[in-house]
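To keep things clear, I will list the structure first and then write my remarks on it.
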Amino acid sequence: MKLKLIFSIVVAFVFVYSSSFACDQKVGTKEGQCAPDFSLPASDGRVFSLYQHRGKVVVVNFWATWCEPCIEEIPSLEKLYNKKLQGVELVSISMDQNQQALDRFFAINKDIRVTFPILQDFDKKVSDAWGTFKVPETYIIDAKGVITDKIIGIYDWQDPIMQHYLMLLAKTQK
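For the sequence shown, counting from 1, position 36 maps to 1498 in my numbering; every step adds exactly one.
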């Protein structure tokens, strides 16, 4: 009897816990839709999977080294990343042709320092699936995997209103 009760509690906990992170919206790339999952290698060799970050707010930034506004936005993204906002992750997805293009860019632009993860979408499968047509393009995804915002073009990530919004979004999703 006691074992049955413990088993029932465990099953209920697993159901509640897993459903709290389930995205119950249509999958797509519009605001209010579940963000399509992806797994991409990062420049440091690790693999980033969007699904594995459910439970956190994720800022996904599409960019390329040939894009001047993207380059202009990097310092602002770096400062946001270095703030280490609790419950908020930041990743960038490079739409360059290959790792050599990224390496060449950072070798030439030694003053640009990036510590946030740069994911490699060299075959453009993720950017095509997400319908990315103009960079920089940034998505804010809540802890349940729903796209809350899509920002096309350069953005000042030091904007206190945006930082407050990200922190509030992270806190309300717990």
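Glycine is no exception: its CB is placed at the ideal position from the N, C-alpha and C atoms.
Keep in mind it's a predicted model, so treat the numbers as computed, not measured.
Item, Value
"Considering only residues of the same chain and omitting the five flanking positions on each side of V1608, which have a CB-CB separation below 8 Å?", "C1485, Q1487, G1494, Q1495, C1496, A1497"
"DSSP has S1511 in a bridge; who is on the other side?", "S1501"
"Assign I1555 to one of two classes, buried (16 or more other C-beta atoms within 10 Å of its C-beta) or exposed (fewer than that).", "buried"
"Taking DSSP as the reference, what is the three-state secondary structure of Q1495?", "coil"
"Which first and last residues belong to the beta strand (DSSP E) in which F1524 is found?", "1519 to 1525"
"Please state the DSSP three-state secondary structure of V1588.", "helix"
"Looking at C-alpha atoms only, which residue of L1502, N1523, F1524, G1507 is the closest neighbour of Q1514?", "L1502"
"Which residues does DSSP list as the beta-bridge partners of S1554?", "N1523, I1580"
"Starting from T1600, follow the beta strand (DSSP E) in both directions and report where the run begins and ends.", "1599 to 1603"
"If you compare alpha carbons, which of D1604, E1599, H1626, P1579 is closest to Y1543?", "P1579"
"Determine the direct distance from the alpha carbon of Q1562 to that of L1628, and round the result to whole angstroms.", "33 Å"
"Enumerate in chain order the residues of its own chain whose CB-to-CB distance from L1631 is below 7 Å, with the five nearest sequence positions on each side excluded.", "V1519, D1604, T1610"
"Whole angstroms are fine: how far does the CA of I1536 sit from the CA of I1616?", "9 Å"
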